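Structure record follows, encoded as structure tokens.
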Amino acid sequence: MQAPRIQPLKNTHPALKHLEGYQAFEISTEGHFMGRRWSRGEVVLCDAHMRDGDAIVLVPRGMGRARLGFLMGATLVGDRGEPCGKVRWLPIGRLSAIVRPAKVGERALGWVIEDIDGKPVATKTPNQLPLFCSGRELERRAA
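Residues in the sequence shown are numbered from 676 upward in steps of one, following this note's numbering.
This is the structure:
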């Protein structure tokens, strides 16, 4: 399977209102990258701190679309392992977190922000509770 396609996030994501210092990119086409399946609608957060071996977001200088890749020493590498020239591609930052919907079955319960290693960073529940909600669910959401 090919790598996911990404695009800059146009509107502020509801789960990101309290986070600063990140650039956000939305997964527009699902795919595999870094041994993980990336789903459409997930949001990737990047920060400017890049180290050797980090997964990064590359944006084209001129026309084109953003893409995922790696920083290998002083070399930029694309999602399929191909070299990406610095004349054509600009590294924006390392992948630091993923924002994905928190679901139980088909029901969305808000948003989960995980760092790239899979540890939860923050969760954001929806502002409005479902019309029919049990007392236990209200207590759980309030905790």
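Backbone N, C-alpha and C define an ideal beta-carbon position, used for all residues, glycine too. For clarity, every value in this text was computed on a predicted model and none was experimentally measured.
Relative to the C-alpha of residue i, which residue among the options is closest?
i: Asp727; options: Ala678, Leu770, Gly739; result: Leu770
i: Thr750; options: Ala741, Gly739, Ala730, Gly737; result: Ala730
i: Arg736; options: Met725, Pro776, Lys761, Ile791; result: Lys761
i: Ala741; options: His724, Gly756, Ile767; result: Ile767
i: Gly696; options: Leu733, Thr704, Arg680, Ala723; result: Ala723
i: Met738; options: Leu720, Ile791, Trp764, Trp713; result: Trp764
i: Arg775; options: Gly756, Gly716, Leu733; result: Gly716
Kindly list the residues whose CB is nearer than 8 Å to the CB of residue i, restricted to its own chain and excluding five residues on each side of it in sequence; keep chain order.
i: Val752; result: Gly744, Phe745, Leu746, Pro758, Cys759
i: Phe708; result: Ala678, Pro679, Ala730, Leu743, Asp754
Please state whether DSSP places residue i in a helix, a strand or coil.
i: Leu813; result: Residue placement at Leu813 is poorly supported in this model, since its pLDDT is 45, which falls under 50; the coordinates still yield a value, given next. Three-state DSSP puts Leu813 in a helix.
i: Leu691; result: helix
i: Asp729; result: coil
i: Arg772; result: Inspection of the sequence shows that residue 772 is occupied by Ala rather than by Arg. Ala772 falls in the strand class under three-state DSSP.
i: Pro679; result: coil
Sorted by chain position, which residues of the same chain lie with C-beta nearer than 6 Å to residue i's C-beta, five sequence neighbours on each side aside?
i: Glu701; result: Gln682, Leu684, Val718
Where does the unbroken beta strand (DSSP E) through residue i begin, and where does it stop?
i: Glu701; result: 698 to 704
i: Gly753; result: 750 to 753
i: Val718; result: 718 to 722
i: Met709; result: Unbroken run through Met709: none, as it is neither H nor E.
i: Gly744; result: 742 to 747
Per the DSSP calculation, residue i is bridged to which residue(s)?
i: Leu684; result: BP columns for Leu684 are empty, so no partner.
i: Gly648; result: With the chain running from 676 to 818 in the structure shown, residue 648 is simply not present.
Ordered along the chain, which non-local residues of its own chain (more than five positions away) have a Cβ less than 7 Å from that of residue i?
i: Leu806; result: With a pLDDT of only 45 at Leu806, under 50, the local geometry of the prediction cannot be trusted, and no value is derived from it.
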